[in-house]
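**Student:** First the structure, which I've put down as structure tokens, then a few questions once you've had a look.
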Amino acid sequence: MKSVDHKTAVWDSASAEMLLKAEHDCVDTCFSRMETQRNQCRFGRDGLCCRICHMGPCKISAKSPKGVCGADADTIVARNFLREVTGGTSAHSDHGRHLILRLKKVAEGNGNGYQIKDEMALRYAARLYKLTERDRTANEVALDLANLFIAEMTSQEEILKTLSLAPEKQQNIWKRRNVQPVGIDRTVVESMHRSTMGVDHDYRNILLHAFRTALADGWGGSRMAAIVSDILFGTASPVRSTSNLGILQEHTVNILVHGHEPELSEMLAVAVQDPETIRYAKDAGAEGITLAGICCTANEILMRHGIPVAGNFLQQELAIITGAVEMMITDVQCCMPSLPDVARAYHTLIISTSEMAQTVGSVQHVFDEDDALHSANTIVRRAIDNFKNRDPHKVAIPSASRPLVAGFSVDAIKYMLGGRFRASFRPLNDAIIQGRIKGLVGIVGCSNPKEQLEYYVNTLTKKLIQHNVLVLKTGCAAIASAKEGMLLPETALEHAGPGLREVCEAVGIPPVLHMGSCVDNARILEAATEVVREGGLGDDLSQIPAVGVAPEWMSEKAIAIGCYFVASGVDVILGHPFHIAGSDNVTRFLNLETTELFGGSFHVCPDPDEAFLKIMELLDRSREKLGINKKTERKLYDMKDRRALDV
Ligand code: SF4
Ligand code: MSK
Numbered sequence: 107m108k109s110v111d112h113k114t115a116v117w118d119s120a121s122a123e124m125l126l127k128a129e130h131d132c133v134d135t136c137f138s139r140m141e142t143q144r145n146q147c148r149f150g151r152d153g154l155c156c157r158i159c160h161m162g163p164c165k166i167s168a169k170s171p172k173g174v175c176g177a178d179a180d181t182i183v184a185r186n187f188l189r190e191v192t193g194g195t196s197a198h199s200d201h202g203r204h205l206i207l208r209l210k211k212v213a214e215g216n217g218n219g220y221q222i223k224d225e226m227a228l229r230y231a232a233r234l235y236k237l238t239e240r241d242r243t244a245n246e247v248a249l250d251l252a253n254l255f256i257a258e259m260t261s262q263e264e265i266l267k268t269l270s271l272a273p274e275k276q277q278n279i280w281k282r283r284n285v286q287p288v289g290i291d292r293t294v295v296e297s298m299h300r301s302t303m304g305v306d307h308d309y310r311n312i313l314l315h316a317f318r319t320a321l322a323d324g325w326g327g328s329r330m331a332a333i334v335s336d337i338l339f340g341t342a343s344p345v346r347s348t349s350n351l352g353i354l355q356e357h358t359v360n361i362l363v364h365g366h367e368p369e370l371s372e373m374l375a376v377a378v379q380d381p382e383t384i385r386y387a388k389d390a391g392a393e394g395i396t397l398a399g400i401c402c403t404a405n406e407i408l409m410r411h412g413i414p415v416a417g418n419f420l421q422q423e424l425a426i427i428t429g430a431v432e433m434m435i436t437d438v439q440c441c442m443p444s445l446p447d448v449a450r451a452y453h454t455l456i457i458s459t460s461e462m463a464q465t466v467g468s469v470q471h472v473f474d475e476d477d478a479l480h481s482a483n484t485i486v487r488r489a490i491d492n493f494k495n496r497d498p499h500k501v502a503i504p505s506a507s508r509p510l511v512a513g514f515s516v517d518a519i520k521y522m523l524g525g526r527f528r529a530s531f532r533p534l535n536d537a538i539i540q541g542r543i544k545g546l547v548g549i550v551g552c553s554n555p556k557e558q559l560e561y562y563v564n565t566l567t568k569k570l571i572q573h574n575v576l577v578l579k580t581g582c583a584a585i586a587s588a589k590e591g592m593l594l595p596e597t598a599l600e601h602a603g604p605g606l607r608e609v610c611e612a613v614g615i616p617p618v619l620h621m622g623s624c625v626d627n628a629r630i631l632e633a634a635t636e637v638v639r640e641g642g643l644g645d646d647l648s649q650i651p652a653v654g655v656a657p658e659w660m661s662e663k664a665i666a667i668g669c670y671f672v673a674s675g676v677d678v679i680l681g682h683p684f685h686i687a688g689s690d691n692v693t694r695f696l697n698l699e700t701t702e703l704f705g706g707s708f709h710v711c712p713d714p715d716e717a718f719l720k721i722m723e724l725l726d727r728s729r730e731k732l733g734i735n736k737k738t739e740r741k742l743y744d745m746k747d748r749r750a751l752d753v
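Listed below in structure tokens is the structure:
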């Protein structure tokens with residue numbers, strides 16, 4: 107086992123303590139495995155390895171510039187890139203599909219414990235899609251909506267209806283560029299077809315399909331997932347909670363939920379509050395039950411229930427190393443196959459609950475969604491039964507934990523900005539126009555052991571708010587901010603520049619807004635669309651002063667997200683590059699030419715200071731074009747002004 111320098115591998119003290127304990131307990135983690143993988147294959151890194159047919163695998167170099175079939179670097183790099191975007195799109199969209207099918211069952215009266223929690227969100231969504239909702243029951247409306255969403259998955263020739271939620275000019279750009287996706291399933295299948303041996307060889311054509319596929323994610327699968335989650339589990343509103351490994355308790359049964367599906371975790375949240383279950387835990391010698399989350403399942407139950415967040419992607423193994431976790435319950439996406447190996451050194455049970463996501467060494471306990479509460483109760487009792495196996499000599503829970511405020515859905519932001527009766531983005535637009543807020547930056551994505559955990563995210567976030575940039579966060583990047591105390595309005599405001607602080611204090615929002623899980627990046631686009639609709643900042647997303655950043659990304663999902671941001675006209679900063687360096691043409695297309703096509707492109711900035719400067723340059727450029735690049739006095743808008751701003 108390679109040793110890890112905990113000072114350079116991680117940023118927060120809790121993770122550093124657990125890395126030292128891992129070494130002491132002789133437990134391998136992704137940080138030590140990263141050391142054994144340092145010498146990574148340069149053909150893979152540059153996107154130049156092709157193994158899609160069995161004349162290969164072929165690798166492209168100066169000496170062998172073509173594969174056996176004659177494919178060159180451009181084709182191979184573009185095909186590999188498309189397949190990554192397709193992987194990410196599939197993950198988000200399949201997540202959306204599960205929720206849509208659940209909504210359909212609820213609408214048909216077979217909810218089995220699930221129900222429509224937010225009828226207003228349902229009726230609002232129905233109106234967005236021009237479904238009749240007046241004088242109809244919630245179930246009738248929900249059934250129509252579920253069927254429409256299923257058709258969004260399966261339609262063969264019809265353009266996705268969900269694209270119509272974007273600003274009109276945006277839709278026209280997609281039409282002109284011929285990148286409007288049809289049904290998500292067809293778009294994904296076509297990606298695989300195009301990139302198989304002997305089909306699409308023109309790198310531009312392949313990359314355009316990558317953007318088409320990504321749009322099927324951001325303005326399709328992910329957007330529908332967010333809509334249905336709100337209907338089934340309730341639209342999030344600001345909620346207080348805590349974060350980091352210090353939320354684990356020495357004397358309670360500790361249960362961690364990890365992955366991405368909210369359905370099980372919603373039921374677990376109910377199950378752990380059942381007085382009989384709590385009594386069962388006390389009979390087992392525990393003081394109670396602590397339920398907490400890892401990764402995006404954490405974000406889901408945090409937003410709606412205020413359940414604490416134990417950590418993000420790179421902390422999944424570290425949480426088990428505390429020796430205090432009775433059970434980690436995994437579902438889909440971002441759950442490391444190493445978890446059972448780590449758990450073996452302690453008493454932790456790893457339970458995989460999804461039939462499609464099994465891990466060797468874990469206990470398979472397929473979550474029965476048709477008997478959800480009972481299934482959740484059974485799992486919780488099993489965790490309680492495991493409490494007696496905890497070895498107190500192996501327990502060391504770090505003390506670090508920070509309070510936070512999360513749950514900023516678009517509705518919640520609107521409400522906070524304008525109040526119940528005048529909920530609107532107007533005050534935000536005005537603050538941007540007046541220069542109090544310089545612009546909006548969405549910081550999203552994962553953590554990656556190639557870089558010091560959370561250094562980039564936290565350094566950049568602080569700099570941005572100091573310079574009056576309002577930061578929107580999702581996924582593991584949001585958890586990084588939580589652990590740093592930056593989701594606590596009081597702390598964050600200490601770091602905010604005067605203009606941003608003034609606005610945040612006036613409307614009562616923190617300068618860093620936690621908007622949810624990685625599938626919720628669609629909500630950031632929804633917020634940007636509200637800004638466009640409110641008026642005064644351009645008529646498509648490429649015109650508003652807004653930038654996306656994926657500092658420590660690792661997942662295919664992050665690539666799909668980056669692409670749907672760029673296709674929506676938003677520039678995206680990457681902390682490290684895609685695997686495309688083997689093709690100058692592909693690199694130029696993604697980092698330059700997409701600006702011509704969509705209004706945004708990718709920029710690679712390996713250092714947070716460099717990223718900060720690039721963001722400022724991009725925001726200034728947008729402000730310049732809008733003619734608002736100087737601070738103006740606050741102006742109160744009357745109806746005439748508003749009409750003049752309308753787009
Ligand atoms: Fe090699 Fe062409 Fe087959 Fe790829 S498709 S493995 S480049 S022969
Ligand atoms: S969990 S995709 S590591 S954000 Fe959504 Fe975190 Fe990235 Fe997974």
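In the working numbering, each residue's number is its place in the sequence shown (first place is 1) plus 106. Note that CB positions come from ideal geometry on N, CA and C, so glycine has one too.
Does the ligand MSK have even one heavy atom less than 7 angstroms from the beta-carbon of HIS366?
**Tutor:** Correct: HIS366 has its Cβ closer than 7 angstroms to the ligand MSK.
**Student:** Taking only the alpha-carbon atoms, compute the straight-line gap between ASN691 and ASP180 and give it to the nearest angstrom.
**Tutor:** 7 angstroms
**Student:** Inspect the beta-carbon positions of ALA404 and LEU455 and report whether they are closer than 8 angstroms.
**Tutor:** no
**Student:** If you measure from the beta carbon of ARG607 to each beta carbon in chain D, is any gap under 8 angstroms?
**Tutor:** Of the chains in the structure shown, none is chain D; there is only one protein chain.
**Student:** Here's the rule I'm using: 16 or more other beta-carbon atoms within 10 Å means buried, otherwise exposed. How should ARG47 be labelled?
**Tutor:** Because the chain here runs from 107 to 753, residue 47 falls outside it and cannot be looked at.
**Student:** CB of LYS663 to nearest heavy atom of the ligand MSK: below 7 angstroms?
**Tutor:** Because some heavy atom of the ligand MSK lies under 7 angstroms away, the Cβ of LYS663 counts as near it: yes.
**Student:** Is it buried or exposed, LYS544, if we count other Cβ atoms within 10 angstroms and call 16 or more buried?
**Tutor:** buried
**Student:** What does DSSP give as the partner residue(s) for HIS709 in the beta ladder?
**Tutor:** ILE679
**Student:** Mind checking whether VAL191 and ILE665 have CB atoms under 8 angstroms apart?
**Tutor:** Against a cut-off of 8 angstroms, the Cβ pair of ILE665 and VAL191 comes out as a contact.
**Student:** Quick one: any contact between the segment 328-345 and the segment 481-488, if contact means 3 or more CB pairs under 8 angstroms?
**Tutor:** Fewer than three pairs of CB atoms, one per stretch, sit closer than 8 angstroms, so the segment 328-345 makes no contact with the segment 481-488.
**Student:** How far does the alpha helix (DSSP H) with LEU254 in it reach, from first residue to last?
**Tutor:** 244-260
**Student:** Using a threshold of 8 angstroms, state whether the C-beta atoms of ALA588 and VAL563 are closer than that.
**Tutor:** no
**Student:** Do you know how far the Cα of VAL174 is from the Cα of GLY513?
**Tutor:** 53 angstroms
**Student:** Following the continuous alpha helix (DSSP H) through VAL672, name the residue where it begins and the one where it ends.
**Tutor:** 662-673
**Student:** Relative to the C-alpha of LEU271, which candidate in VAL577, ALA633, PRO533 has its C-alpha closest?
**Tutor:** ALA633
**Student:** Quick one: residues in its chain with C-beta nearer than 7 angstroms to the C-beta of ALA177, no 5 flanking neighbours on either side, listed in chain order?
**Tutor:** CYS156, HIS307
**Student:** Check the C-beta distance from ILE400 over to GLY417 and give it rounded, since I have them as a contact under 8 angstroms.
**Tutor:** 6 angstroms
**Student:** Could you tell me the alpha carbon to alpha carbon distance between THR518 and ALA529, rounded to whole angstroms?
**Tutor:** In the sequence under discussion, the amino acid at residue 518 is Ala, which differs from the Thr named in the question. Each residue's alpha carbon lies about 9 angstroms from the other.
**Student:** From SER196, HIS499, PHE708, GLU432, pick the residue whose C-alpha is nearest to that of GLY324; which is it?
**Tutor:** Among SER196, HIS499, PHE708, GLU432, the Cα nearest to that of GLY324 belongs to SER196.
**Student:** Using the beta-carbon count (16 or more within 10 Å), is HIS626 buried or exposed?
**Tutor:** Sequence inspection shows Asp at residue 626; the His mentioned does not correspond to that position. So ASP626 counts as buried.
**Student:** Determine which residues share a DSSP beta bridge with HIS364 and list them.
**Tutor:** ILE400, THR436
**Student:** State yes or no: is the C-beta of ILE312 within less than 8 angstroms of the C-beta of LEU188?
**Tutor:** Contact flag set, yes.
**Student:** Shortest alpha-carbon distance to GLY642 belongs to which of LEU599, GLY603, GLY541?
**Tutor:** The shortest Cα separation from GLY642 among LEU599, GLY603, GLY541 belongs to GLY541.
**Student:** Grab me the residues of THR114's own chain with a C-beta within less than 7 angstroms of its C-beta, minus the 5 sequence neighbours each way, in chain order.
**Tutor:** Residues of the same chain with a CB within less than 7 angstroms of the CB of THR114, apart from the 5 flanking positions on each side, are GLN558 in chain order.
**Student:** If you run the structure through DSSP and keep just helix, strand and coil, what is LYS579?
**Tutor:** Shown here, LYS579 sits in a strand according to DSSP, grouped into three states.
**Student:** Just list the residues that DSSP pairs LYS165 with in beta bridges.
**Tutor:** CYS155
**Student:** CA-CA distance, VAL753 and PRO273?
**Tutor:** Bear in mind that a pLDDT of 35 at VAL753, under 50, signals an unreliable position, so the model cannot answer this.
**Student:** Cutting at 7 angstroms between CB atoms, please list the residues of its own chain near CYS164, excluding the five before and the five after it.
**Tutor:** So the list reads CYS156, GLY173, VAL174, once near-sequence residues are dropped.
**Student:** Does the distance from the CB of ILE206 to the CB of ILE256 come in under 8 angstroms?
**Tutor:** yes
**Student:** Pop quiz: LEU696 and PHE708 are said to be a contact at Cβ under 8 angstroms. What is the actual Cβ separation, rounded to whole angstroms?
**Tutor:** 5 angstroms
**Student:** GLU475: buried (16+ other C-beta within 10 angstroms of its C-beta) or exposed?
**Tutor:** buried
**Student:** Compute every distance between the C-beta of GLY162 and the non-hydrogen atoms of the ligand SF4, then say whether any falls below 7 angstroms.
**Tutor:** True, at least one ligand heavy atom lies under 7 angstroms from that Cβ.
**Student:** Would you tell me roughly how many angstroms separate the C-alpha atoms of SER689 and ILE182, rounded to the nearest one?
**Tutor:** Going by the C-alpha atoms only, they are around 9 angstroms apart.
**Student:** Is the segment 380-389 close to the segment 592-604, with three or more CB pairs under 8 angstroms?
**Tutor:** No, the segment 380-389 does not touch the segment 592-604.
**Student:** Is it the case that the CB of GLN422 approaches a heavy atom of the ligand MSK more closely than 7 angstroms?
**Tutor:** no
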